[in-house]
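S.K.: Residue numbers (my numbering): 6 to 255. The C-beta atom is built at its ideal place from N, Cα and C for all residues, glycine as well.
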């Protein structure tokens, strides 16, 4: 159990011995890095998370989060509440209103099959993009989830990549799921509306089928070749790491 291990270490910028915790079978990370506002350097790639069940507020308030947990095993996790609340990337010496562009939270490889609580998971998050699992699935199945209350409320995210949320429990609560998420734009340009802030818009935006939503479905990539050399990729992530072969250019 690693509950509260580094909670409130607001001045810490680097944790250099993190890889040596690899021998532990971690079961709970409640508030482990909460409010580590200046943490920039940490390696969690060797952590054994196969037995992990709790991620409540694990990275809440990490303003320099750099997808340290993108390869976590989360198939047994039931509590994801506030995991990335108030999380993002912040410019040196600036307030959250001066964020770096194209910062994102990458959860494409995470497993939500055991999730019950997603409340506030990305609330007040300071990121442009959120990536949930999309590759190889037709829907985002959440068979045991009971709450998505305020899941995306007040997030600054513009783009949320996810398939339609499909709940196994009809009584799941979704109070203000998208409350005040005013920047979000769906795949076909559906804009945020205060009239649609519950789970009804937790789906891929399809206005032509009269099914507006706030999600964008699977990640689509665009390669841009610059006149004087160089290639840029947007967005940064491409369909779960697929390979792309480029033609020979002269």
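1. With residue 147 as the anchor, note down where its beta strand (DSSP E) starts and where it stops.
2. Looking only at its chain, what residues have a beta carbon closer than 6 Å to the beta carbon of residue 7, apart from the 5 residues adjacent to it on each side?
3. Hey, would you say residue 184 sits closer than 8 Å to residue 155, going by beta carbons?
4. Thinking C-alpha only, which one of 89, 63, 49, 125 is nearest residue 76?
5. Starting from residue 111, follow its DSSP beta bridges and name the residues at the other end.
6. Three-state secondary structure (DSSP) at residue 157?
7. Does the Cβ of residue 124 have 16 or more other Cβ atoms within 10 Å, making it buried, or fewer, making it exposed?
8. Out of 71, 42, 80, which has the shortest C-alpha to C-alpha gap to residue 54?
9. How long is the line joining the alpha carbons of residue 169 and residue 67, rounded to whole angstroms?
10. Identify every residue that forms a DSSP beta bridge with residue 83.
11. Below 8 Å on the Cβ atoms is my contact criterion, and I expect residue 181 with residue 152 to pass it. Report the Cβ-Cβ distance as a whole number of Å.
12. Between the beta-carbon of residue 160 and the beta-carbon of residue 136, is there less than 8 Å?
13. Which residue's Cα is closest to the Cα of residue 69: 187, 198, 110?
14. Would DSSP call residue 257 helix, strand or coil?
15. What's the call for residue 139, buried or exposed, on a 16-neighbour Cβ count within 10 Å?
16. Could you tell me if residue 1 is buried or exposed, where buried requires 16 or more neighbouring beta carbons within 10 angstroms of its beta carbon?
17. Would you call residue 2 buried or exposed, if buried means 16 or more other Cβ atoms sit within 10 Å of its Cβ?
18. How far does the beta strand (DSSP E) with residue 165 in it reach, from first residue to last?
19. Comparing C-alpha positions only, which one of 193, 219, 214, 213 sits nearest to residue 200?
20. Output the distance between the C-alpha atoms of residue 148 and residue 118, rounded to the nearest integer angstrom.
21. Among 195, 187, 46, which residue has its Cα nearest to the Cα of residue 212?
22. Which two residues bound the contiguous beta strand (DSSP E) that contains residue 172?
23. Spatial neighbours of residue 174 within its chain, please: CB distance less than 8 Å, with the 5 preceding and 5 following residues excluded, ordered by chain position.
24. Would you kindly work out how many angstroms separate the C-alpha atoms of residue 206 and residue 87, rounded to a whole number?
M.R.: In short:
1. Mapped onto the chain shown, residue 147 falls at position 142. Counting along the chain, the beta strand (DSSP E) containing residue 147 begins and ends at 145-147.
2. Taking the chain shown and counting its residues from 1, the one referred to as residue 7 is at position 2. Correct list, in chain order: 31, 34, 37.
3. In the chain shown, the residue the question calls residue 184 occupies position 179. In the chain shown, the residue the question calls residue 155 occupies position 150. Taking 8 Å as the Cβ cut-off, residue 184 and residue 155 qualify as a contacting pair.
4. Along the chain shown, one-based indexing puts residue 76 at 71. Comparing Cα-Cα distances from residue 76 to each of 89, 63, 49, 125, the minimum goes to 49.
5. Sequence index remark: in the chain shown, residue 111 carries index 106 (1-based). DSSP lists 136 as partners of residue 111.
6. Residue mapping note: residue 157 aligns to position 152 of the chain shown, counting from 1. Looking at residue 157 - three-state DSSP - the assignment turns out to be coil, as it is neither helix nor strand.
7. Taking the chain shown and counting its residues from 1, the one referred to as residue 124 is at position 119. Classification of residue 124: buried, given that the 10 Å Cβ count is 16 or more.
8. Taking the first residue of the chain shown as 1, we reach residue 54 at position 49. Of the listed residues, the one whose Cα sits closest to residue 54 is 80.
9. Mapped onto the chain shown, residue 169 falls at position 164. Mapped onto the chain shown, residue 67 falls at position 62. Each residue's alpha carbon lies about 28 Å from the other.
10. Translated into positions along the chain shown, residue 83 becomes position 78. According to DSSP, which records beta bridges pairwise, residue 83 is partnered with nothing at all.
11. Numbered from its first residue, the chain shown carries residue 181 at position 176. Numbered from its first residue, the chain shown carries residue 152 at position 147. With 8 Å as the limit, residue 181 and residue 152 do not qualify as a contact, their Cβ atoms being about 12 Å apart.
12. Residue 160 sits at position 155 when you count from the first residue of the chain shown. Residue 136 sits at position 131 when you count from the first residue of the chain shown. No, these two residues do not count as a Cβ contact at 8 Å.
13. Residue 69 sits at position 64 when you count from the first residue of the chain shown. Comparing Cα-Cα distances from residue 69 to each of 187, 198, 110, the minimum goes to 110.
14. There is simply no residue 257 to check, as the chain begins at 6 and stops at 255 in what is shown.
15. As a working note, residue 139 is residue 134 in the chain shown. Classified as buried, residue 139 has 16 or more neighbouring CB atoms from the shown chains inside 10 Å of its CB.
16. Residue numbering for the chain in the displayed model covers 6 to 255; residue 1 lies beyond these limits and cannot be assessed.
17. Summary: the structure shown does not reach residue 2, with the chain confined to residues 6 through 255, and so no result is reported for it.
18. As a working mapping, residue 165 is identified with position 160 in the chain shown. Per DSSP, residue 165 belongs to the beta strand (DSSP E) from 164-166.
19. Residue 200 sits at position 195 when you count from the first residue of the chain shown. When only C-alpha atoms are compared, the closest one is 219.
20. Against the chain shown, residue 148 aligns to sequence position 143. Against the chain shown, residue 118 aligns to sequence position 113. So the two alpha carbons sit approximately 7 Å from each other.
21. On the chain shown, position 207 is the one that residue 212 refers to. Nearest option by C-alpha distance: 195.
22. The sequence position of residue 172 within the chain shown is 167, counting from 1. Residue 172 -> beta strand (DSSP E) spans 170-172.
23. As a first step, residue 174 must be located in the chain shown, where it is residue number 169. Excluding residues within five positions, the ones whose Cβ falls inside 8 Å are 148, 149, 150, 151.
24. Position 201 of the chain shown, counting from 1, holds the residue named residue 206. Position 82 of the chain shown, counting from 1, holds the residue named residue 87. Roughly 20 Å separates the two Cα atoms.
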